[in-house]
Each structure stands twice: as C-alpha cells, then as structure tokens.
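Quick note on numbering: the sequence shown equals residues 231 to 344 in the numbering used here.
Take a look at the structure set out below.
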Amino acid sequence: MTDCLFCKIIKKEIPSEIVFESENAVAFMDINPQAPVHFLVIPKIHLSSITKVEKEHGSIMAEMARIINEVAKQKNIEKSGFRVVVNHGKDSGQAVPHLHFHVLGGRKLKWPPG
231 MTDCLFCKII KKEIPSEIVF ESENAVAFMD INPQAPVHFL VIPKIHLSSI TKVEKEHGSI
291 MAEMARIINE VAKQKNIEKS GFRVVVNHGK DSGQAVPHLH FHVLGGRKLK WPPG
C-alpha cells in the first residue's frame, strides 16, 4: 500500500528509531509514547488489521511474538512486565491501517485500560 505510513517506515522512506528488524517484521519506538517504554512491532507485509490475519500468516505472527520478547529484554521490561495492545478499527483508536502491536512498559499500568 503506497500511502501506508508503516509501509514507508519499512521501506526506510520515513525515519524511525528501529530497535529490531528481521526478514518479516520490524520493531520501532512509538513517536507518541504512552509509557516510558513504548514500541511497535509490525509485519513487513501489509495487513490492514488483525482481522486480515490468515492461517498462512502464522509464522509471521510467531516471529512478531519472538520480537516482542527480544525487545522487552533489551528494554529491561521483561521481568517487571509489559502490555501488548492490538487495536482494530476506528472505535479502538487504530490510527494507521497496518497491523501493529503496541508494547508498553516501564511503569505500573492500570486496568482496565481505556
């Protein structure tokens, strides 16, 4: 998708603070952090939301989970805890129509979110 912000980050057309990159996914720091540690993990293929994930995307989803764990270790939030959030659609606040996992940590997070 040519106008997708995250696709442009993947192609390095827009600068970002990339903290991890693999063959199929990228992790980068959020430009509007909601916690001391706030990074995103996105697939390199364009999937507009979690509802577009199909069986053939299983290995990419597993890779993104591994990246979340790796970056959480790098950012020293693995032991204290972190939250993984996926938004779908406008009512959830999904601002970029590209599947992405928000990972937030570095402070005590409240429940319920919202």
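Glycine included, C-beta positions come from ideal geometry on N, C-alpha and C.
Bear in mind that the values here come from a model prediction, so they are computed numbers and not experimental data.
Distance check for E286 and D260, CA to CA, integer angstroms please. By one-based count along the sequence shown, residue 260 stands at place 30. By one-based count along the sequence shown, residue 286 stands at place 56. Looking at the two C-alpha atoms, the distance is approximately 28 Å.
Give a yes or no on whether the C-beta atoms belonging to I297 and V314 are separated by under 8 Å. Your numbering for residue 297 matches position 67 in the sequence shown. Your numbering for residue 314 matches position 84 in the sequence shown. The answer is no: Cβ separation not under 8 Å.
Take every Cβ of the stretch 297-308, pair it with every Cβ of the stretch 273-285, and state whether three or more of those distances are shorter than 8 Å. no
Contact belief for F250 with H330 at Cβ below 8 Å, rounded distance in angstroms: Along the sequence shown, read from residue 1 onward, the residue named residue 250 stands at position 20. Along the sequence shown, read from residue 1 onward, the residue named residue 330 stands at position 100. Rounded, the Cβ-Cβ distance is 14 Å, inconsistent with contact.
Leaving out five residues on either side along the sequence, give the residues of the same chain with a beta carbon under 7 Å from the beta carbon of N254. Here the question's residue 254 lines up with position 24 in the sequence shown. Cβ neighbours of N254 beyond the five flanking positions: P273, K274, I290, E293.
Let me know the secondary structure DSSP gives V301 once reduced to three states. Counting from 1 along the sequence shown, the entry for residue 301 is found at position 71. In this structure, V301 counts as helix in the three-state DSSP scheme.
Determine, using beta carbons only, whether V267 and K303 come nearer to each other than 8 Å. Residue 267 sits at position 37 when you count from the first residue of the sequence shown. Residue 303 sits at position 73 when you count from the first residue of the sequence shown. No, Cβ-Cβ distance for V267 and K303 is not below 8 Å.
Consult DSSP for E286 and reduce its assignment to one of helix, strand or coil. Here residue 286 corresponds to residue number 56 of the sequence shown, with the count starting at 1. Reduced to three states, the DSSP call for E286 is helix.
Inter-residue Cα distance where the pair is P245 and I239: In the sequence shown, the residue the question calls residue 245 occupies position 15. In the sequence shown, the residue the question calls residue 239 occupies position 9. C-alpha separation (whole angstroms): 7 Å.
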